[in-house]
Amino acid sequence: MGLLFIDGNQAVAMGAMHAGCRFFASYPITPASNLLAAMLDTLPAAGGIALQGEDEIASIGYCLGASMAGMKVMTATSGPGLSLYSENISFAIAGEIPIVIVNIMRQGPSTGSATRGADGDVQFMRWGCSGGLPVIVLAPADVNDCFTLTVHAFNLAEQFRCPVIIASNKEIGMTSGTLDMERVEKPAVLDRTLHEAGPFLPFQVKPGEDVPPFLPIGGPILVRQTSSTHGPDGYITTNPSEIQAGVERLQRKIDSKAESFSYFDLEERKGARTLLVAYGVTAGAARTAAAELSENQNIPASLLILKTLWPVPEQVLQAAAVGKERILVVEMNLGQYLQEIQRVLCNQRVDFYGKMSGQLISPTEIIEEVTRG
Amino acid sequence: MDSLLNSDRPPVFCPGCSHDRSVHTLDRALKEMGLKGSDVVIVSDIGCSGLFDTFFKTHAFHGLHGRALTYAGGIKLARPHLKVIVTMGDGGLGIGGAHFLAACRRNLDLSLLVLNNFNFGMTGGQFSCTTPEQASVASSFLNVLEKPFDVCDAAVCAGAPFVARSSVYRKDLPELLAAAITFEGFAVVDLWGGCPARYLKKNPLSPKEIESAIEKLPPYQGVVSTNRRREYSSHYREEAAKKTAGVDWHGIEKTFEPTVNERREVVFLGSAGQRVITGGTLLGRAAISAGMNVTQKNDYHITVMRGPSVTEVIVSPQAITYTGVGKPDVIIALSKEGVQKRWGLFERMTKRGRIILAAGVEIPTTDAQVEEVAFKAGGIKKKERALAALYLMARDRDPITPEMLEEALQQSFQGKRLEEARLVLEKAATVLTH
Ligand code: SF4
Chain A
308 MGLLFIDGNQ
318 AVAMGAMHAG
328 CRFFASYPIT
338 PASNLLAAML
348 DTLPAAGGIA
358 LQGEDEIASI
368 GYCLGASMAG
378 MKVMTATSGP
388 GLSLYSENIS
398 FAIAGEIPIV
408 IVNIMRQGPS
418 TGSATRGADG
428 DVQFMRWGCS
438 GGLPVIVLAP
448 ADVNDCFTLT
458 VHAFNLAEQF
468 RCPVIIASNK
478 EIGMTSGTLD
488 MERVEKPAVL
498 DRTLHEAGPF
508 LPFQVKPGED
518 VPPFLPIGGP
528 ILVRQTSSTH
538 GPDGYITTNP
548 SEIQAGVERL
558 QRKIDSKAES
568 FSYFDLEERK
578 GARTLLVAYG
588 VTAGAARTAA
598 AELSENQNIP
608 ASLLILKTLW
618 PVPEQVLQAA
628 AVGKERILVV
638 EMNLGQYLQE
648 IQRVLCNQRV
658 DFYGKMSGQL
668 ISPTEIIEEV
678 TRG
Chain B
1353 MDSLLNSDRP
1363 PVFCPGCSHD
1373 RSVHTLDRAL
1383 KEMGLKGSDV
1393 VIVSDIGCSG
1403 LFDTFFKTHA
1413 FHGLHGRALT
1423 YAGGIKLARP
1433 HLKVIVTMGD
1443 GGLGIGGAHF
1453 LAACRRNLDL
1463 SLLVLNNFNF
1473 GMTGGQFSCT
1483 TPEQASVASS
1493 FLNVLEKPFD
1503 VCDAAVCAGA
1513 PFVARSSVYR
1523 KDLPELLAAA
1533 ITFEGFAVVD
1543 LWGGCPARYL
1553 KKNPLSPKEI
1563 ESAIEKLPPY
1573 QGVVSTNRRR
1583 EYSSHYREEA
1593 AKKTAGVDWH
1603 GIEKTFEPTV
1613 NERREVVFLG
1623 SAGQRVITGG
1633 TLLGRAAISA
1643 GMNVTQKNDY
1653 HITVMRGPSV
1663 TEVIVSPQAI
1673 TYTGVGKPDV
1683 IIALSKEGVQ
1693 KRWGLFERMT
1703 KRGRIILAAG
1713 VEIPTTDAQV
1723 EEVAFKAGGI
1733 KKKERALAAL
1743 YLMARDRDPI
1753 TPEMLEEALQ
1763 QSFQGKRLEE
1773 ARLVLEKAAT
1783 VLTH
């Protein structure tokens, strides 16, 4: 086997195929369009369905219908389209509908610059839903991550019955790189847990568990799905304690398991006084910068690359920050994830470097920021 | 067959609401068709019509306002055997107009019942897309200003192959609904009824008056022969079965040893039509055949056939972390607009840098070694220049060799295209010698 020369969007498509994706729908938008093309090249020939929806709302709507009918589903868009997904993301949270959403971020706000990258949706992906309950957000840094994290995204969506967002960026999605299929990490593929025996209530969890077993719409046993506040039977409830128990469970089912899917890379360097924290495409520049500082400038810096952004991997952050004099957060926006890190490391000095000009942050800029101290 | 009504949850509409009648009529249709609850999914919209799914013992999907047709589409494509029935009010039809038109055009086998009562009942009697101009509603005078939407006219225009309009009070309505559900394709039934809690209060409308109003309109009674065509889901599967998978899981094998031991940054600066992106990809594939890592990033106008075209390729025997270009090792400057797009790059180059410059293209002063190439005089066409520049790099074995380049051509082209590419290299070898 050799090296594949593909871009991040194509690597996401391959990860999706590996994970068993059977249904894809999206609306063309730069820089996510070639993911639609890749899925159209792949999925129908493999017996699945790939659709171009009439708009973004429809695209995610088709996916939610197909997911409830039992298929693994994915959609892809960029900031303007993510805005249109918002109401259906809330629905996927409320209705516990597994779905992978790929957000190839571009410079914003609004229409912004379609062909320039940024990481400006980092808070939006977490909070762009009504009700404020959690979603999972994974951030690939290169084509390898695009493959591996997409498999993880499907696994998490299926296991937790929730939307999982892949926070990519034009600079990853539309940049080609080399992918070694033999070496790339291929997580074991997981499916949603099915209801096995006994009477079925669509949102009833087993004792001690937080995720209701699934049955598809269209099988022999009747299934209900609803966007309304519901009890375990899937009918509207107005009982305050049932409502409260329901929303607490939706929060707990993800937050309490966060450590089990806190993906990250840590480059710990002896004598490092600074901890660099980065994610996405900026992680590459930070790697180059940290290596240069340590090897050639005798200023060892440790580097934490976050691949799970939401829920915030608090323990990972705390462990990596132990003994550091300074935490430097670098991101392609005006300081968004910074706020989470300041919150988690509230007793430490947390500095920020970032920009949202459509240009990559370079290793030189990071080195200057570290040495400025 | 038994009724599919949910005995635990009888309808809870206001007294006299026509929705109550629609629920029972739909049940009679399903019963007459002999359908089991598990054969059917009711996809309901928002508003009073959004309660429909709860009154039936069938599969049920209650989603967001106006989007019912989208969920129904996903369910139908995933489970083609299901009878998918969508209930939506005139409100849902208005807000979901794009989905309605798309569903008519697409012709998936769904049955849409528009429970048309000319207003938003649940939210207080505001006007909808079907409210008559002369009606008195809760949106002040706004409905006076807008022309109501004819559901059936629009459905036929958009391509729906089954379109019917009926009063909910019509005697043979169960048969009509059964015909719509049985029809293999998208079926729309515009069902007119009354909302006594809101609309009828100020706009009295008896069942008889509804019947006679419908009679005055062009008749829509089912199959629209001019719109009959293949059902989408079965047609999709038939077309999909003809496709062969377009994914290469194999990649490019390592056949050669790398000729460089550190990162090289190569930037092509050209214009649309000069095939610079193809040139960059060929360079990448050539380097991969020596087991090197490669990244490639393109920049071109959104109007793709005009303007500058830039591609940045990084090749490296080591892992590539930063994918941006710092100090380019090679710039291939093929056009003025390409050079202008990256004017600042030239001053970052060092003395070891190499510029392959198409004769006549102006560049800023630079420390790098400039190699002016008379492509035009040598008869090398615009679309051949990026490839001809690769010949120069291959000849000097940095960062690729002629063997790697030949391998990349074989990976990328076949037949005539491959022959043409080889001819470009031969031409370059003859005319571009020092
Ligand atoms: S508000 Fe109108 S449409 Fe809704 S249940 Fe009452 S009468 Fe029927």
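For the protein sequence lines, the chains are A and B, in the order given. This note's numbering applies: residue 308 is where the first sequence begins, and numbers increase by one. This note's numbering applies: residue 1353 is where the second sequence begins, and numbers increase by one. Each residue gets a CB set at the ideal place from its N, CA and C atoms; glycine is no exception. Every value quoted in this text rests on a predicted model; they were computed, and no experiment measured them.
| Residue from B:V1466, B:A1711, B:P1754 and B:L1744 with nearest C-alpha to E1609 of chain B | Checked all of B:V1466, B:A1711, B:P1754 and B:L1744; the closest Cα to E1609 of chain B is B:P1754.
| request: Starting from the beta carbon of M346 of chain A, find every residue of chain B whose beta carbon is closer than 9 Å, and list them in chain order. | output: Per Cβ cutoff of 9 Å: no residues; M346 of chain A is ~10 Å from chain B at best.
| message | I'd like the span of the alpha helix (DSSP H) that includes Y1521 of chain B, first residue to last. | response | First-last for Y1521 of chain B: undefined, no H or E at that position.
| task | Please classify D1524 of chain B: is it buried, with 16 or more other beta-carbons within 10 angstroms of its beta-carbon, or exposed? | result | D1524 of chain B is exposed by the Cβ-count criterion.
| query | Just to check, is the beta-carbon of F1470 of chain B closer than 7 Å to a non-hydrogen atom of the ligand SF4? | reply | Answer for F1470 of chain B: no, Cβ out of range of the ligand SF4.
| query | With 16 as the cutoff for other CB atoms within 10 Å, does K560 of chain A come out buried or exposed? | reply | So K560 of chain A ends up on the buried side.
| message | Counting only beta-carbon separations shorter than 8 Å, does D498 of chain A have a partner in chain B? | response | Closer than 8 Å: no.
| said: Given 7 Å as the limit, tell me if A1549 of chain B has its C-beta closer than that to any heavy atom belonging to the ligand SF4. | reply: Indeed, a heavy atom of the ligand SF4 lies less than 7 Å from the Cβ.
| query | What residues in the region 450-482 of chain A have a beta carbon less than 8 Å from any beta carbon of chain B? | reply | Of all residues in the region 450-482 of chain A, E478, M481 and T482 have a Cβ within less than 8 Å of some Cβ in chain B.
| request: Apply the 10 Å Cβ neighbour rule to T678 of chain A and answer buried if 16 or more other Cβ atoms are within range, or exposed otherwise. | output: Its Cβ having fewer than 16 others within 10 Å, T678 of chain A is exposed.
| query | Under three-state DSSP, which class holds G1696 of chain B? | reply | Note: G1696 of chain B maps to helix in three-state DSSP.
| said: Quick check on T349 of chain A - is its C-beta less than 8 Å from some C-beta in chain B? | reply: Yes - at least one Cβ of chain B is within 8 Å of the one on T349 of chain A.
| query | Which bits of chain B does G591 of chain A rub up against, with CB to CB less than 9 Å? | reply | Those are I1672, T1673, Y1674, T1675 and G1676, listed as they occur along chain B.
| Is the beta carbon of K1435 of chain B less than 8 Å from the beta carbon of D1391 of chain B? | Cβ distance < 8 Å, so K1435 of chain B and D1391 of chain B count as in contact.
| query | Whose Cβ in chain B lies nearer than 8 Å to the Cβ of T544 of chain A? | reply | Here the premise fails: no neighbours, minimum Cβ distance about 12 Å.
| task | Note down, in chain order, every chain B residue with its Cβ under 9 Å from the Cβ of N395 of chain A. | result | By Cβ distance, chain B contributes G1415, L1416, R1419 and T1422.
| request: Give, in chain order, every residue of the region 1425-1447 of chain B whose Cβ lies closer than 7 Å to some Cβ of chain A. | output: Answer set for the region 1425-1447 of chain B: G1425, G1426, I1427, L1429, A1430, R1431 and L1434.
| task | Note down, in chain order, every chain B residue with its Cβ under 8 Å from the Cβ of V530 of chain A. | result | Per Cβ cutoff of 8 Å: H1411 and A1412.
| query | In chain B, what lies closer than 8 Å to C370 of chain A by C-beta? | reply | Residues of chain B passing the Cβ test: G1426.
| query | Given a threshold of 16 other Cβ atoms within 10 Å of its Cβ, counted over all protein chains shown, does K1553 of chain B qualify as buried or as exposed? | reply | K1553 of chain B counts as exposed, since fewer than 16 other C-beta atoms from the protein chains shown sit within 10 angstroms of its C-beta.
| request: Taking A1506 of chain B and V1541 of chain B to be in contact with their CB atoms under 8 Å, please state how far apart those CB atoms are, rounded to whole angstroms. | output: About 14 Å separates the two Cβ atoms, so there is no contact after all.
| query | When the Cα atoms are used, what is the spatial distance from L583 of chain A to R594 of chain A? | reply | Each residue's alpha carbon lies about 9 Å from the other.
| query | Is there a Cβ from chain B that is less than 8 Å from the Cβ of T533 of chain A? | reply | With 8 Å as the cut-off, T533 of chain A counts as an interface residue toward chain B.
| message | Counting only C-beta atoms, is R594 of chain A closer than 8 Å to chain B at any point? | response | Taking Cβ atoms only, chain B reaches closer than 8 Å to R594 of chain A, which makes this a yes.
| field | Any C-beta of chain B under 8 Å from that of M381 of chain A | value | Answer no: the Cβ-Cβ gap between M381 of chain A and chain B never drops below 8 Å.
| query | At a cut of 8 Å, does the region 1661-1668 of chain B reach the region 1610-1625 of chain B through at least three beta carbon pairs? | reply | Contact check between the region 1661-1668 of chain B and the region 1610-1625 of chain B: three or more CB pairs, one atom from each, fall below 8 Å, which counts as touching.
| task | Answer yes or no: the CB of F1365 of chain B versus the heavy atoms of the ligand SF4, is any distance below 7 Å? | result | At least one heavy atom of the ligand SF4 is nearer than 7 Å to the Cβ of F1365 of chain B, so yes.
| message | So, does the region 1482-1489 of chain B touch the region 1447-1457 of chain B, judging by three or more C-beta pairs under 8 Å? | response | Too few Cβ pairs lie closer than 8 Å, so no.
| Which residues in chain A sit within 9 Å of E1605 of chain B, going by Cβ to Cβ distance? | Contacts between E1605 of chain B and chain A, judged by CB atoms closer than 9 Å, involve M308, G309 and L310 in chain order.
| Exposure of K1679 of chain B, with buried meaning 16 or more beta-carbon neighbours within 10 Å | Looking at its Cβ environment, which holds fewer than 16 other Cβ atoms inside 10 Å, K1679 of chain B is exposed.
| Alpha-carbon spacing of S569 of chain A relative to L652 of chain A, whole angstroms | Looking at the two C-alpha atoms, the distance is approximately 17 Å.
| task | State yes or no: is the C-beta of M1440 of chain B nearer than 7 Å to some heavy atom of the ligand SF4? | result | If you check the C-beta of M1440 of chain B against the ligand SF4, you find no heavy atom less than 7 Å away.
| task | Take the Cβ of N603 of chain A as the centre, count every other Cβ of all protein chains shown within 10 Å, and call the residue buried at 16 or more, exposed below. | result | Here N603 of chain A is exposed, its C-beta having fewer than 16 other C-beta atoms within 10 Å.
| request: Find the nearest neighbour of I367 of chain A within the set B:V1722, B:F1408, B:G1425 and B:L1403, judged by alpha-carbon distance. | output: Answer by Cα proximity: B:G1425.
| field | Within chain B, the residues that S664 of chain A reaches when beta carbons sit closer than 7 Å | value | Those do not exist, as S664 of chain A stays about 13 Å from chain B at its closest Cβ, beyond 7 Å.
| field | Members of the region 399-420 of chain A that neighbour chain B once the beta carbon cut-off is set at 7 Å | value | Taking a C-beta cut-off of 7 Å against chain B, none of the residues of the region 399-420 of chain A qualify.
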